[in-house]
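Here's the structure we're looking at; comments come further down.
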Amino acid sequence: MTAEVSRYRWVMAGMAFLATVVNYLDRQTLSVVAPVLTEQFHMSNVDYSRVVFAFMLAYTAMNGISGPMIDRLGTRLGYAVCIAWWSIAAMLHSLARGAFSLGAFRFLLGMGEAGNWPAGVKVVAEWFPVKERALASGIFNSGSSIGAALAPPLIAWIILRSGWRSAFLIVGAAGFTWLILWLLLYYTPPNVRAEAASPPIPMRKLLRSRWVSMFTASKIFSDPAWYFYVFWFPQYLRHARGFDMANIGKFAWIPFLTADAGNLIGGACAAMLLKRGIPVDGARKVSVLLFAVLMTSAIPAVLVSNAFVSIALISTATLGYTGALANMLAMPADRFPKNTVGSIWGIASMGAGFGGMVFSLVTGWVVDHYSYLPVFIGFGILPLIAAGIIWSMPGPGAEEAVDWSA
Numbered sequence: 050m051t052a053e054v055s056r057y058r059w060v061m062a063g064m065a066f067l068a069t070v071v072n073y074l075d076r077q078t079l080s081v082v083a084p085v086l087t088e089q090f091h092m093s094n095v096d097y098s099r100v101v102f103a104f105m106l107a108y109t110a111m112n113g114i115s116g117p118m119i120d121r122l123g124t125r126l127g128y129a130v131c132i133a134w135w136s137i138a139a140m141l142h143s144l145a146r147g148a149f150s151l152g153a154f155r156f157l158l159g160m161g162e163a164g165n166w167p168a169g170v171k172v173v174a175e176w177f178p179v180k181e182r183a184l185a186s187g188i189f190n191s192g193s194s195i196g197a198a199l200a201p202p203l204i205a206w207i208i209l210r211s212g213w214r215s216a217f218l219i220v221g222a223a224g225f226t227w228l229i230l231w232l233l234l235y236y237t238p239p240n241v242r243a244e245a246a247s248p249p250i251p252m253r254k255l256l257r258s259r260w261v262s263m264f265t266a267s268k269i270f271s272d273p274a275w276y277f278y279v280f281w282f283p284q285y286l287r288h289a290r291g292f293d294m295a296n297i298g299k300f301a302w303i304p305f306l307t308a309d310a311g312n313l314i315g316g317a318c319a320a321m322l323l324k325r326g327i328p329v330d331g332a333r334k335v336s337v338l339l340f341a342v343l344m345t346s347a348i349p350a351v352l353v354s355n356a357f358v359s360i361a362l363i364s365t366a367t368l369g370y371t372g373a374l375a376n377m378l379a380m381p382a383d384r385f386p387k388n389t390v391g392s393i394w395g396i397a398s399m400g401a402g403f404g405g406m407v408f409s410l411v412t413g414w415v416v417d418h419y420s421y422l423p424v425f426i427g428f429g430i431l432p433l434i435a436a437g438i439i440w441s442m443p444g445p446g447a448e449e450a451v452d453w454s455a
C-alpha cells in the first residue's frame, strides 16, 4: 500500500459512510412518517406492506443491474449516478396523494438505493487490504444504523413543526451535498487502476459459481430481519406498545445506535481472529455465526411485558445483524477481483431484496390476522439459517480452476 493510499483510504471510507447515512435517512423517513400516512391515507397493514413491497421489488431488480453498471462505469461515476437518482426519488415522496402514488415513488427510490452497497464494497475493495476490510466495511455500513438512528428524532421533529411533506423534501435534498463532495474528492488509487479498469468477470459465469449462489442464498434469510426493524419498528411501537409520535421520536433510534456499534464490533472481531492466526475464511464464518446467535434475542423481545426491555432485546438483535454483515460485506473482495465485487454484491443483494419482498408481505398479513408474536419469532430464527448457509460455502481454492475470463 502506497503512502498516498494509506493516508487517504479513511477519507474514502468516510465518504461511503456518509452516503449510507443519506441512504438510510431517505429510506427511513417513510417508516417514521408511516403512522401519520396510514391514518391520513386510510391504509391497513397490508396496504403498507405493499408500499414496502414496491420499494423491495425495485431494489431487488436493480441490484442485478446496478452492481454490473458500477463495475463498468467505475466507482466514481457509478456511485454519483445512484445517489442523484435516489435523492430525486426521495423528494418526490412529498407529492404522494395516496397508497398508489406513495408506492410508485417508493419504487423509484428502490431503483436508486440499490446501488449504494455495490458501490460501497467497491470503495473498500479498492482502498483497503484484506486485514482491514471487515473494519472498513463496518465503518461504511454503520452509516445505515446512524441514518436509521437519526431518522426517528429528526423526522419526528420536522413532522411536528413543518409536516410530513417537508420531511421528504429536506432529507432528500441532503444527497446533493454529498454528490458535490464525492465528485471533488474521489479517485481510483494508483495501485489498483489497472485491475479496476479491466473487464469484470461476466455475469453468466458469476451466476454459475457455487460460492456466489450460496452467498446470495444466505442474504435471502439474513436481511429480511433488518428490513423488518427498519420498516416496521415504529409501527410496532405505535400499535403493540402504545407509543405516540413524540415517544417514537424519543426511543425508536435506540436499536439503530446499537446496530452502529455492531458494525465496529463485527470488524474488530474478525481482526482479532485474524491476528490469532485463524485463516480469513474461518474468521469471517466464525464472526457471522456469533452475531447471528445474538439476533435470536428478537424472540423474547416480543414476549416481555415491559416495552423498554423489549427495545433492549431488539437492540441486541440489530447489533447482531450489523456485526455479521460487516464480515459478509468483506467476503466477496476476499475471493474475487476488485473489478467484480460490485457485480457479486449486486447479485447477493437481489437475494436480500427477494427475501425482503416476500417477508414484508408475510409480515403485513400476519400482523393484520394474528399479531407481532410469530413475526418476531421468525426473524429470530432466520439469521441462524443464513449462518448455516455461510458455513456450508466452499472454502478457498474450491473454484481456483474456474476460468473467469470473458
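Taken in order, the sequence shown gives residues 50 to 455; the numbers are from the numbering used here.
Glycine included, every Cβ here is placed at the ideal spot set by N, Cα and C.
In this text the structure is predicted, and so the values were computed from the model without any measurement.
Contact annotation: the segment 332-345 touches the segment 308-319, with at least three C-beta pairs closer than 8 Å. Beta-carbon to beta-carbon, residue 237 and residue 124 are separated by about 7 Å, close enough to satisfy the 8 Å threshold.
Nearest to residue 235 by alpha-carbon distance, out of 92, 411, 129, 83, is 129.
For residue 134, the enclosing alpha helix (DSSP H) stretches over residues 124-141. Segment contact: the segment 151-165 against the segment 369-389, fewer than three CB-CB distances shorter than 8 Å; contact not assigned. One Cα belongs to residue 294, the other to residue 200, and the distance between them is close to 13 Å. In this structure, residue 112 sits away from residue 249, with a CB-CB distance that is not shorter than 7 Å. If you draw a straight line from the Cα of residue 409 to the Cα of residue 278, it comes to about 11 Å.
Just measuring C-alpha positions, the residue of 435, 380, 403, 126 sitting nearest residue 187 is 380. Assignment of beta strand (DSSP E) within the segment 339-370, counting only whole runs of 3 or more residues, yields no such run. Within the same chain, 207 come within 7 Å of residue 219 by CB-CB distance, once the 5 residues on both sides are set aside. In the three-state DSSP reduction, residue 178 falls in the coil class, being neither helix nor strand.
Close CB contacts of residue 66 within its chain, under the 7 Å cut and outside five residues either way in sequence, are with 188, 189, 191, 192 (chain order).
Under the three-pair Cβ rule at 8 Å, the segment 63-83 counts as touching the segment 220-229. In this structure, the beta-carbon distance from residue 319 to residue 332 falls below 7 Å. Membership of residue 392 in the alpha helix (DSSP H) is indicated by the continuous run 390-418. Of the residues assessed, residue 226 falls on the exposed side of the cut-off, its CB having fewer than 16 other CB atoms within 10 angstroms.
Ranked by Cα distance from residue 247, the first of 57, 336, 390, 302 is 390.
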